[in-house]
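Residue 303 in the working numbering is what sits at position 23 of the sequence shown, and the numbering runs on without skipping anything. Backbone N, C-alpha and C define an ideal beta-carbon position, used for all residues, glycine too.
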Amino acid sequence: MRPYELMVLLKPEIEDHKATVEVLGEVVRGLGGEIAKVDIWGKRRLAYPIDKIVDGFYALYTLDMDPTQVQELDRLLKLRDDVIRHIVVRLDEK
């Protein structure tokens, strides 16, 4: 298990963002990951429009996950319609 950060940008027109954040947490847990912290940044203006969307809802996950499952997590997040962008970054082990 290695530490990672997952930043997710969700579409602003979603009714319940907290429920979507929880569902994405369940995706991580389903792949054997452990979520240490979820930081919801809220709705913010994007630096540039993405597919004519100018606002987005940000959530930052701090998690531990098996390195072999990161590619599967990336694939599953790409399939979701409510996720505009995401990035998974490996953190330095302390």
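Beta-carbon spacing of residue i, residue j below 8 Å
{"i": "residue 311", "j": "residue 288", "result": "no"}
{"i": "residue 290", "j": "residue 350", "result": "no"}
{"i": "residue 342", "j": "residue 285", "result": "yes"}
{"i": "residue 281", "j": "residue 344", "result": "yes"}
{"i": "residue 325", "j": "residue 318", "result": "no"}
Where residue i sits in the DSSP three-state scheme
{"i": "residue 291", "result": "coil"}
{"i": "residue 354", "result": "helix"}
{"i": "residue 360", "result": "coil"}
Buried versus exposed, by CB contacts within 10 Å (16 or more), residue i
{"i": "residue 300", "result": "buried"}
{"i": "residue 322", "result": "exposed"}
{"i": "residue 308", "result": "buried"}
{"i": "residue 340", "result": "exposed"}
{"i": "residue 353", "result": "buried"}
Residue i beta carbon near the ligand HEM (any heavy atom closer than 7 Å)
{"i": "residue 328", "result": "As presented, the structure is devoid of all ligands, the ligand HEM included, so that no description of it is given."}
Which residues DSSP lists as bridging residue i, in chain order
{"i": "residue 343", "result": "284 and 315"}
{"i": "residue 372", "result": "Answer by DSSP bridge pairing: none, since residue 372 is not bridged."}
May I have a chain-ordered list of the beta strand (DSSP E) segments no shorter than 3 residues that lie completely inside the region 281-326? 282-290
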